[in-house]
Amino acid sequence: MITQAASAASVPDSSLKAGDSSITVGFSEEVPQAFRTLVENWVHDAADAVMTVYGRYPVKQVMIRVEVGLGGHGVSSGRTFDGRLIKVRMASDVTRAILRSDWILTHEMFHLGFPDTEANWIGEGLSTYLEPLARARAGQLGADEVWGSMMDGFPKGLPAAGDMGLDKTPTWGRTYWGGALFWLLADVEIRQKSGNRKSLDDTLRAILVEGGTGSENWPEEKIFRRGDAAIGMPILEELHERLGAHPETTDLAAFWAQLGVSRKGRAVVFNEDAPLAAIRRALTSGKAGH
Ligand SMILES: [Zn+2]
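Just so we're aligned, residue -10 is where the sequence shown starts under this note's numbering, counting upward by one.
Written out as structure tokens, the structure is:
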């Protein structure tokens, strides 16, 4: 035990920058330089993705602890602690290709920039929603992959028979996918009502400016109120009243048709004449639509 602790302590950290922020990467054991470089590139990719939403890295500093070689395939798990520490587990034979397709670190980094709150679906849904969009904006994922994963995932978030609203149904599907659908509906509505000049990004940046990082615990009302104040419309509060308190369902087929996204076999097909096609494009480009 003592020798293990001593050897772990002697493994040097990697010090990285993301904008003005510092990211320290620590390893559970000595790793070859090539492995260290793979991990550093993966951290940079995830930071780049997160910065497409916030315009900067959400916290001044963070520690990423990499537990190496504990089994599994690629990156097997991630968890964020108190807005300052992310722990990830990763196989020692992980490759650049596996890390390029990993979603876990980007998901965890979004937890750094958003307050904890009693209802888990709010933060978990947000990380689930933002992760593929942000990776698309950073050029790491195709728009077709983003929409394919949404069409596959969102049905798991709809209320099942006997479910209550999101606030009262903490199942896996409702927490991650039901939460993600809440944020997609909110983002689309903000863009629709602002002529695509405002977006969910504005609400999230405002919450962060108010100190709403992962080190904070906010009541959910405060999150939605601060977000709505940034866009000058009570969209988050009203959507929360509907989906948080009641098992309101969403007609996903109609929603995808409005956004102009469908499947032809396994392929994802876009309809650029759909009423919300510009908003759909803006979601994955990060730019205002037209
Ligand atoms: Zn999460």
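Note that beta-carbon positions come from the ideal geometry of N, C-alpha and C, so glycine has one too. Predicted model, so just to flag it, every value in this text is computed and none were measured.
State yes or no: is the C-beta of residue i nearer than 7 Å to some heavy atom of ligand 1?
i, result
"residue 227", "no"
"residue 120", "no"
"residue 113", "yes"
"residue 116", "yes"
"residue 33", "no"
"residue 62", "no"
"residue 235", "no"
Assuming residue i contacts residue j (C-beta within less than 8 Å), just tell me the rounded distance between them.
i, j, result
"residue 73", "residue 15", "Not quite, the Cβ-Cβ distance comes to about 13 Å (not below 8 Å), so this is no contact."
"residue 209", "residue 117", "In fact, because the Cβ distance is near 17 Å, the residues do not count as touching under 8 Å."
"residue 263", "residue 246", "7 Å"
"residue 165", "residue 102", "In fact, because the Cβ distance is near 18 Å, the residues do not count as touching under 8 Å."
"residue 67", "residue 33", "Actually they are not in contact, since the Cβ atoms of residue 67 and residue 33 sit about 16 Å apart, beyond 8 Å."
"residue 174", "residue 228", "6 Å"
"residue 154", "residue 236", "6 Å"
"residue 258", "residue 140", "No, residue 258 and residue 140 are not in contact; Cβ-Cβ is about 11 Å, not under 8 Å."
"residue 77", "residue 87", "The Cβ separation is near 13 Å, so there is no contact."
"residue 191", "residue 219", "5 Å"
"residue 25", "residue 3", "6 Å"
"residue 75", "residue 69", "5 Å"
What's the call for residue i, buried or exposed, on a 16-neighbour Cβ count within 10 Å?
i, result
"residue 185", "buried"
"residue 129", "buried"
"residue 120", "buried"
"residue 62", "exposed"
"residue 64", "buried"
"residue 6", "exposed"
"residue 279", "Bear in mind that the predicted position of residue 279 carries a pLDDT of just 33, short of 50, making it unreliable; the figure below should be weighed with that in mind. Exposed."
"residue 200", "exposed"
"residue 231", "exposed"
"residue 126", "buried"
"residue 151", "exposed"
"residue 198", "exposed"
"residue 148", "buried"
"residue 23", "exposed"
"residue 136", "buried"
"residue 18", "exposed"
"residue 269", "buried"
"residue 194", "buried"
"residue 280", "This structure cannot speak to residue 280, because the chain is shown only from -10 to 279."
Would you call the CB atoms of residue i and residue j closer than 8 Å?
i, j, result
"residue 267", "residue 260", "no"
"residue 39", "residue 123", "yes"
"residue 156", "residue 108", "yes"
"residue 79", "residue 51", "no"
"residue 71", "residue 204", "yes"
"residue 111", "residue 146", "no"
"residue 48", "residue 202", "yes"
"residue 144", "residue 241", "yes"
"residue 82", "residue 31", "no"
"residue 226", "residue 215", "no"
"residue 46", "residue 10", "yes"
"residue 104", "residue 207", "yes"
"residue 254", "residue 41", "no"
Check: What runs of the alpha helix (DSSP H), each 4 residues or longer, lie entirely inside the stretch 14 to 86?
Finding: 22 to 43
Note to self: Going residue by residue through the stretch 161 to 201, where are the continuous beta strand (DSSP E) segments of at least 3 residues, counting only ones entirely within it?
What the structure shows: none
Notebook entry, point to check: In the stretch 205 to 250, which residue ranges form an unbroken beta strand (DSSP E) of at least 3 residues, counting only runs that do not cross its ends?
Noted result: none
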